[in-house]
Every structure is written in C-alpha cells, then in structure tokens.
Amino acid sequence: MDIYLPIAEVSLDIFVLLGLGAAVGFLSGVFGVGGGFLLTPLLIFIGVPPTVAVASSANQLVGASVSGVISHWRRGNVDFKMGYVLLVGGLAGSVLGVWIFTLLKRLGQVELTISVCYVLLLGTLGGLMIVESIRSMLRLHRPGAGRRRLHQHTWMHGLPLKARFRRSRLYISALLPIGLGFVIGVFSAILGIGGGFFMVPAMIYMLGMPTSVVPGTSLLQIIFVAANVTLLQAYTNRTVDAVLALVLLVGGVVGARIGSRFGTRLRGEQLRFLLALMVLAVAAKLAFDMTAPPVDLYSIASEKE
Amino acid sequence: MNGLPGSVSKRLALRVLILTAGLSLWASPALAEALAADLTSHLIAITTGFTGASVVLFGATDGPGDVVVAVRGPDREMTVRRKDRVAGVWVNTEALTFSNVPSFYAVAASRPIEGILSPASVAFYRLGVANLKLEARTSAPPEVVAMFRAALERIQQQAGLFVSRIGKVDFLGERLFRTTIAFPSNVPTGTYLVEVFLVRDNDVVSGQTTPLVVSKVGVDAAVFDFSGRQPGFYGAIAVLTAVVAGWLASLPFRGA
Chain A
0 MDIYLPIAEV SLDIFVLLGL GAAVGFLSGV FGVGGGFLLT PLLIFIGVPP
50 TVAVASSANQ LVGASVSGVI SHWRRGNVDF KMGYVLLVGG LAGSVLGVWI
100 FTLLKRLGQV ELTISVCYVL LLGTLGGLMI VESIRSMLRL HRPGAGRRRL
150 HQHTWMHGLP LKARFRRSRL YISALLPIGL GFVIGVFSAI LGIGGGFFMV
200 PAMIYMLGMP TSVVPGTSLL QIIFVAANVT LLQAYTNRTV DAVLALVLLV
250 GGVVGARIGS RFGTRLRGEQ LRFLLALMVL AVAAKLAFDM TAPPVDLYSI
300 ASEKE
Chain B
0 MNGLPGSVSK RLALRVLILT AGLSLWASPA LAEALAADLT SHLIAITTGF
50 TGASVVLFGA TDGPGDVVVA VRGPDREMTV RRKDRVAGVW VNTEALTFSN
100 VPSFYAVAAS RPIEGILSPA SVAFYRLGVA NLKLEARTSA PPEVVAMFRA
150 ALERIQQQAG LFVSRIGKVD FLGERLFRTT IAFPSNVPTG TYLVEVFLVR
200 DNDVVSGQTT PLVVSKVGVD AAVFDFSGRQ PGFYGAIAVL TAVVAGWLAS
250 LPFRGA
C-alpha cells in the first residue's frame, strides 16, 4: 500500500517505511543510540530526496529520543545539568549547521557533503569502537590485567569555567561539554542525526562520565538539538516531511521495545563490537558509492518559476 | 476502447454525440468549429494513496483529418549538474540552468507525426521533446548546451515526466476521437495545458487548448500548504507531534 508524502512529493510503500522505522528503532533499543545515522542513508536509498531525508530524520529523532529519555529517567540515569550544558553548545552548533546546509544546497554539493561527512565520521568511530571492544573482550580473559586508572589528568582539566556535575560525579570545565555539543549540533543539522553514536563514546572517553548515565543524558540533549534542527529546516529549507516522520516513529516504537528487550541479553563489549561492525559497513557502502563511477553523471534539480 | 466502465463510456458517447450533432450543422457559423475536445476530468487530485492517474481526452472534428495532442506541465527552471572525478571522488562540477522546461510533457497522435505534418510545422508547434524551446540561462558553447539538454531530456524521460513514446489517438469512425493521457505518481502539481491540433494536408488547420489542474487535496494539500505558508508554525507542530508520539510510545513501559 502506497502512501503519498506531501513534502518529499513521492509515493512510497507504507510497510517499507514502517519496517524501516522498526529496524532503526530496534537498533536504537539495542544500542541506545538514535539510529539517525542509518535512517538518513536508508531513506535516500528508497527514493526520498536527500534534503527531505535529512530534515525528516531530525523530526523523527525528536520523538524517538523523548521516549528514550523517559525510560532512562525512570531508572534515574539522566544527568540533567550535563544535558543542559551540552545543549547550549548543541543549539549554537545546529544554527551554524543549518546555515551550512542551506549554502551547500544552493551550491549543489549537499549530497556529496552528506556522504563525505558520513564516511569520515562513521569510519573513524567504527574503527575506534571495534579496537576498543576487541580489547575489552580480550581483557575479560585476563582477569585483573589492564585496569584503567580512575582519573587521568590531561590538558582538558586545565580549562577555565569549572563546574560540578553531581550525577556524573565529575568536576570539569563547562567548556568541554559545550564544545562537544557544538560539534554534534553542526553534524546534526547537516546529516539529520542526533549524534548519539558520536556522543556516547565522547562522553565516556573524553568527559569520563559513568557509562550508566551516558545514553539518557545524550538522548536528553538530542531531543532539543533535533527539535531545533527540525524547526530551522522547516523554516529555512521547507524540507521537513511530518507525515514521513510520523510513519517512521510508529514503526520505531515497536522496534525499540523489541530491541531493548534483546539488548539486555548481550554483554556490553559484544554490543559495542556489533555496533562498530554496522557503523563500518555503512561507512564502507557510502565510500564505495562516492568513488564508484555513478550510474548517471548528470542530475537535475527543479525550481518553480 | 473498452476498459472504461459502462456508465462512463455511455455518458461519454452521449456527450460526443451532442457535440457532433452541433458541429454537423454547417449552416450555423457559430458552431462551425473544425475541432472540439474536452477532458473527462479537469482535476487530478493527489491524495494520500495516489499512485498515478489517467484522464481521457475526447472530441470531434468536422471531417476527416488527423489529431495531435500535446500535454504540457507548468514550466520550471531546471538546473542540470554534471559529476566529474575529483581526487577519486565524484563531485558535481559543471551546471547549466534551463528555463521554460515543462515539468511534464507527453504527445499523442492518430498517426506517426512525421507522416502527417511537415518538419517546419512540427517545430513551429513545438511537438515532441526534441522541439521544446528550452533556454539556457547562462551562455555556453552550443555543444555543451546540447549535451546538458540531452541529459535533462533523458533524466526526465527516465522519471516518466517526458513521455518518450508517442501516445495513440484513436478515431471512432471519421470524426470522433479519443485518447488516454496517463500521469505517473510523481507528477508535478500545477496547471497543465492540453493542446489539441487538427491536421490536414501536412498543416495544422485548427487547435484548441484545455486546462487541466493537478493538485494535492485533503490532508496532504493541507500539510503542504501549511508548511509553505507558516513554516515556523509548521516546524513547531512537527516537533510537538513527535514529542507527543514519543511520550505515548514510552507509556506501555510503565507496567513492565
């Protein structure tokens, strides 16, 4: 059964969209990331114009993160103060990101930029994660060996504007989460992602937050960044397809519930290993698409006269 | 011919009959039109379940002759971009913008056009994709323009928006004709013009233009209009809907 998407201006099979939402929801349930990094390329793949896919993914992400935050909050795993500080940077970053997006759209380079950003981000992260997860899997077999020091003093601790984050048990410069939020805000606007897969490792390894509060806190700031991106994209580029976002959300809800049940059966490093494999696969696919000779050298874009 | 429900074809036949009855009155100058044609519907409504539509054009001539029908969607400005390999990656490098590009174009004829019209007339009435008057916005060497134009035509044809196959205008007897115009699901919205030409002795002797509106209706139209007219408000509602949906989604977890 086909459904006509009013902003994307294409008819797509509603079951394909629901299935896509469910698949991405499943992953976000298992891994605790938003899943936008998979959703946007998949939407483009099934025929949604890239600009609409980016903006509508952000819209879908708002809903997905709201339900994620609520379930983490019930377990007391959200650091609200950290979330708000990240948010300050995130909002500023997304304003810049949407501005860059509009510029790229005018120059006709938006698709390439989206692909290049994805390959760089996913490739780097996937690589880092796979190394880390293999290391920790090996460490399990050698009990007592290679225990990390609880606190390492680096240049980051010399920055001004120190603040105390009680839930995360941290006393660090507020500039760190603000900067991190800013970078993710920029990518969020250009790529239609919440940056969960980027944010989660950064919070653990850069900020040194306890793993338990990371997903909830990351999702908390994603709600606002994604909402801001949706608003700005709707206002500036008119590319938000609310119908598409809603259909994806419906599928996503079902997928996320199955996913979170499934995720509790896996061990942490196994989860991270699987996620890393998936991230690398997406990066490899996109890298291949960029370098392989295109099916058609030409493309057209139409504007009303 | 068949394929239409009985009531529609009966109504159609009746209308055509009335038309021809009027046209056959030679004495009355007001009714001495050589050609009369109409569409079964002047509106293509794009709804949530839209998968394409077809419209029947029917009409009558005042005697033997051939009929050529051209359907033009609203004109657009279209930018054609060409990718080239830069440092191993395919990048959009060159671009050329054309104006007056019909967003949809299809032709139908009762016989092959080359056989019934002189090449000069075919070009004058801009029949067929090759004769569309597309203007390049920036000056470029003719061979470059031709290359980009060819790409534009090809992509539009692949999208089903320039119909490469000439449709068939069927004659029922000597005077009554009809043809079916099919529109794909990705048909652009706007006001279309359906031009009908009566051809005799290698020349167009009469012509008529009928408008056809392709429009989103219902929820989709409301969403689209709203997003264009009140973009900020639309964005706010899109966000709010997602928040509520996300909140509802988290409710069943409470029991678990």
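If you're matching them up, the sequences are chains A and B in order. Sequential numbering of the first sequence, starting at 0, is according to numbering that gives the first Met the number 0. Sequential numbering of the second sequence, starting at 0, is according to numbering that gives the first Met the number 0. Even glycine gets a Cβ: it sits at the ideal position worked out from N, Cα and C. Source: prediction; values computed, not measured.
Put simply, the CB of isoleucine 192 of chain A is far from chain B, with every gap to its CB atoms at 8 Å or more.
Take valine 228 of chain A, set aside five residues on each side of it, and the residues of its chain with a beta-carbon closer than 6 Å to its own are Ala57, Ser93, Ser187 and Ala188, in chain order. If you check each beta-carbon in the region 75-92 of chain B against every beta-carbon of chain A, the ones closer than 7 Å belong to Arg75, Glu76, Met77, Thr78, Val79, Arg80, Arg81, Lys82, Gly87, Val88, Trp89, Val90 and Asn91. Methionine 208 of chain A places its beta carbon less than 8 Å from that of leucine 169 of chain A. Between glycine 96 of chain A and valine 199 of chain A, the beta carbon gap of about 20 Å keeps them out of contact (Cβ cut-off 8 Å).
Ranking A:Val278, A:Val29 and A:Leu17 by CA distance to the CA of isoleucine 45 of chain A puts A:Leu17 first. When C-beta distances to chain B are compared with 7 Å, the residues of the region 108-121 of chain A below that value are Gln108 and Leu111, in chain order. C-alpha of leucine 86 of chain A to C-alpha of isoleucine 221 of chain A: approximately 8 Å in a straight line. Not a single CB atom of chain A sits nearer than 8 Å to the CB of tyrosine 104 of chain B. Just so you know, the alpha carbons of leucine 26 of chain A and glycine 250 of chain A end up roughly 12 Å apart.
The shortest CA-to-CA distance from isoleucine 165 of chain B to any of B:Val106, B:Ala181, B:Ser102 and B:Ala139 is the one to B:Val106.
Taking 8 Å as the CB threshold, serine 70 of chain A lines the interface with chain B. Proximity of proline 230 of chain B to chain A, defined by a Cβ-Cβ separation below 8 Å, is satisfied. Between valine 47 of chain A and leucine 285 of chain A, the gap from beta carbon to beta carbon reaches 8 Å or more. The C-beta distance from leucine 218 of chain A to serine 64 of chain A rounds to 4 Å, short enough to fall under 8 Å.
Counting the other CB atoms within 10 Å of its CB gives phenylalanine 123 of chain B a total below 16, which places it among the exposed residues. Closer than 8 Å to the CB of arginine 237 of chain A there is at least one CB belonging to chain B. Using a Cβ distance threshold of 8 Å, glutamate 93 of chain B and arginine 110 of chain B do not count as a contacting pair. Put simply, the region 214-228 of chain B touches the region 237-256 of chain A. At least three CB pairs are less than 8 Å apart. Shown in chain order are the members of the region 42-73 of chain B whose Cβ falls below 9 Å from a Cβ of chain A: Ile45, Thr46, Thr47, Gly48, Phe49, Thr50, Gly51 and Pro73.
Sequence-distant partners of glutamate 152 of chain B (beyond 5 residues in either direction) whose C-beta falls short of 7 Å from its own C-beta, in its chain, are Val128 and Phe161. Proline 209 of chain A has a beta carbon lying at 8 Å or more from every beta carbon in chain B. Its Cα nearest to that of serine 98 of chain B, the residue B:Phe147 stands out among B:Phe147, B:Trp246 and B:Ser214. Per the coordinates, the alpha-carbon of glycine 215 of chain A lies some 5 Å from the alpha-carbon of valine 68 of chain A.
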